Amino acid sequence: MSVVNLSEQKLVNGQFADEVLKHTGVNVRDCYQCGKCSAGCPIAFAMDIRPNRVIRMVQLGMKDEVLESRTIWVCATCSTCTARCPRGVDPARIMDGLRIMALEAGKTANAENEVAVHKLFMDSIGKYGRLYELELFLRLTLKTGFLFKNTDLALPMLTKGKLSFLPTKLKGANEVKKIIEAAARLEGEQA
Amino acid sequence: MRYGYYPGCSLHSTAAEYEYSTRQVCEKLGITLEEIPDWNCCGASSAHSTSHLAGVAIPARNLALAEEKGLDVVAPCAACYQRLVTADYEMKHDPALKAKVEQVMDRKFNGTIGVKSTLEAVVESGLEKMTKALQKPLKGLKIACYYGCYLVKPPKIAHVDDPENPMIMDNIFRALGAETVDWPYKTECCSGSLVLSNTDITLKLARDIMQIAADSGANCIATPCPLCQPNLDMRVAQVNKKYGTNFDLPIFYFTELMALAFGVPKADLKFNKHFVEPTKLLADL
Ligand code: SF4
Ligand code: SF4
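Chains as they are written, first to last, in our numbering: chain A, -10 to 180; chain B, 235 to 519.
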């Protein structure tokens, strides 16, 4: 990581913390950098920037670095950090907000797999109202080779009847699609 | 008790054995499950990772449907439970958000119902009822009760029990004649939400969980989460290959073991759906 002048960063980029506050209702200024969130984070070993540092970088306005990090995409949304934060900061909610901000800013070059999974998942529930796993797996395989990496699981999953061949389509499948679209519209208007 | 039952997508596909055993256990305990008509997917981690409003509104449609029936919602899947209870909490605490949710889902939600996990509903029916229904004590089982994250975190919202050392499942199994082990990974994450994108991470976490369970003296693991169960059970072979380990711990849904204790025949419980078949462990039961 390059050298960062902290006082300068804070003056120039104070508005990122406000943007995050607006997206999440969480004020990162409450964080006093005890590091407890990172200490208990089960995914910290696989992150490029540990959770407490992400929070610090938000305080300092380091928007691009944070939105382009792998951390926000490998966060497993387990909320252990939130359960343990002595300042009530809710890092898990911040991770959610940062993922959404990265999507809005188009800064997801670093997260192709994760974005593909989320997109295919939302497509599936928009289409059927419920998840149609078999189709999701096949479509994901075209994008990321998912099933080829799990050839040992595919056959037993079928023989053990763990996958339905056909989707269940709801009467209200259309409603789910409308919710997704209407939410995107409303959030777009208010951005 | 009568509930609006929200099975969630997994219980209709990968976790059919959870669905079956949940229904059996509830029936034995006098809990009536009325499936919410036309329920939709809760959105899992994808909805709230891509839009806050959709992340609340998608599960909220199910709450609105249950409210029409005047029933509290009960959800066996820990992940669905957390999405439903979060939507409920956020709408009850943020009227402006609730108005937006109602607008995008084109339905009303008055907040007159609540959300529970099946684990809670079962516990609330009382240990006495359970011991009365007991036909086959779970002798010889040393269970690591693995609650996972979503039932207990974040604790302000998902508060089935203590976030660090929950006991409610332990208490059930002790009442049903099993031993449960004291272990530190009860609510550790298995990273089930990353299983489609980051398999390497999930293999390490699965390894850690099975290692600590085995080191703590468990001969099986029980969970209320249909993400955790396959994430451990289906991945055992991959974990063993990657880490040179030798795990063969059966991973149960907690309701499977309860149903067994209540006398539901083994054959009906379809343990052959498990990747690690518990034949030997359950031979005497
Ligand atoms: S646990 Fe809370 S206060 Fe401590 S570093 Fe993390 S966010 Fe900051
Ligand atoms: S929610 Fe994300 S950042 Fe927080 S402990 Fe879990 S994986 Fe780590």
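Note that the Cβ used here is the ideal one computed from N, Cα and C, for glycine as well.
Just so we're clear, the structure is a prediction, and the values are computed from it rather than from any experiment.
> Under the rule that 16 or more other beta-carbon atoms within 10 Å means buried, what is Q463 of chain B, buried or exposed?
Replying inline: By the neighbour-count rule (16 or more Cβ atoms within 10 Å), Q463 of chain B is buried.
> Given A447 of chain B, which residues of its chain have a CB within under 8 Å of its CB, disregarding the five upstream and five downstream residues?
Replying inline: For A447 of chain B, where only same-chain residues beyond five positions count, the Cβ hits under 8 Å are A378, Y380, V415, W417, Y419, I455 and L483.
> Along the chain, which unbroken stretches of the alpha helix (DSSP H) at least 4 residues long are found entirely within the segment 103 to 167 of chain A?
Replying inline: Entirely contained in the segment 103 to 167 of chain A, the alpha helix (DSSP H) runs reaching 4 residues are, in chain order, 122 to 133 and 140 to 148.
>> Against chain B, with Cβ distances strictly below 7 Å, would E176 of chain A count as a contact?
In response: Cβ-Cβ to chain B under 7 Å: yes for E176 of chain A.
> At a Cβ cut of 7 Å, what residues of the segment 288 to 315 of chain B count as close to chain A, listed as they run along the chain?
Replying inline: Taking 7 Å as the Cβ-Cβ cut-off against chain A, the residues of the segment 288 to 315 of chain B that qualify are A288, A291, I292 and R295.
> What are the boundary residues of the beta strand (DSSP E) that L267 of chain B is part of?
Replying inline: L267 of chain B -> beta strand (DSSP E) spans T266 to E269.
>> Suppose you measure from the CA of C23 of chain A to the CA of R73 of chain A; what does that come to, to the nearest Å?
In response: Whole-angstrom Cα-Cα distance: 11 Å.
>> Taking a contact to mean a Cβ-Cβ separation below 7 Å, would you say K350 of chain B touches G411 of chain B in this structure?
In response: No.
> Quick one, which residues of the segment 352 to 369 of chain B are near chain A if we go by CB-CB under 9 Å, in chain order?
Replying inline: Those would be none; no residue qualifies.
>> Quick check on the DSSP output: the alpha helix (DSSP H) that includes C314 of chain B runs from which residue to which?
In response: Its alpha helix (DSSP H) spans residues A312 to H327.
> Which word fits R295 of chain B, buried or exposed, when buried means at least 16 other C-beta atoms lie within 10 angstroms of its C-beta?
Replying inline: The residue is buried, with at least 16 neighbouring Cβ atoms inside 10 Å.
>> I want to know whether the segment 162 to 176 of chain A touches the segment 333 to 344 of chain B - three or more CB-CB distances under 8 Å.
In response: In short, these stretches touch, since the Cβ pair count reaches three.
> How about K370 of chain B and L503 of chain B: are their beta carbons less than 7 Å apart?
Replying inline: Going by C-beta atoms, K370 of chain B is not nearer than 7 Å to L503 of chain B.
>> Tell me whether the segment 274 to 284 of chain B and the segment 108 to 121 of chain A touch, counting them as touching only if at least three CB pairs, one residue from each stretch, are closer than 8 Å.
In response: Yes, they touch.
>> Quick check: is the beta carbon of D85 of chain A nearer than 7 Å to any beta carbon in chain B?
In response: At a cut-off of 7 Å between beta-carbon atoms, D85 of chain A makes contact with chain B.
>> Tell me the rounded alpha-carbon separation between A250 of chain B and D322 of chain B.
In response: Rounded to whole angstroms, the separation of the alpha carbons of D322 of chain B and A250 of chain B is 27 Å.
>> Using the three-state DSSP reduction, which class does R39 of chain A fall into: helix, strand or coil?
In response: Correct three-state label for R39 of chain A: coil.
> Going by other Cβ atoms of all chains shown within 10 Å of its Cβ, with 16 needed for buried, is H327 of chain B buried or exposed?
Replying inline: It is exposed - the Cβ of H327 of chain B has fewer than 16 other Cβ atoms within 10 Å.
>> Please list, in chain order, the chain A residues whose beta carbon lies closer than 7 Å to that of G374 of chain B.
In response: Contact annotation for G374 of chain B against chain A: no contact, minimum CB-CB distance about 26 Å [criterion: below 7 Å].
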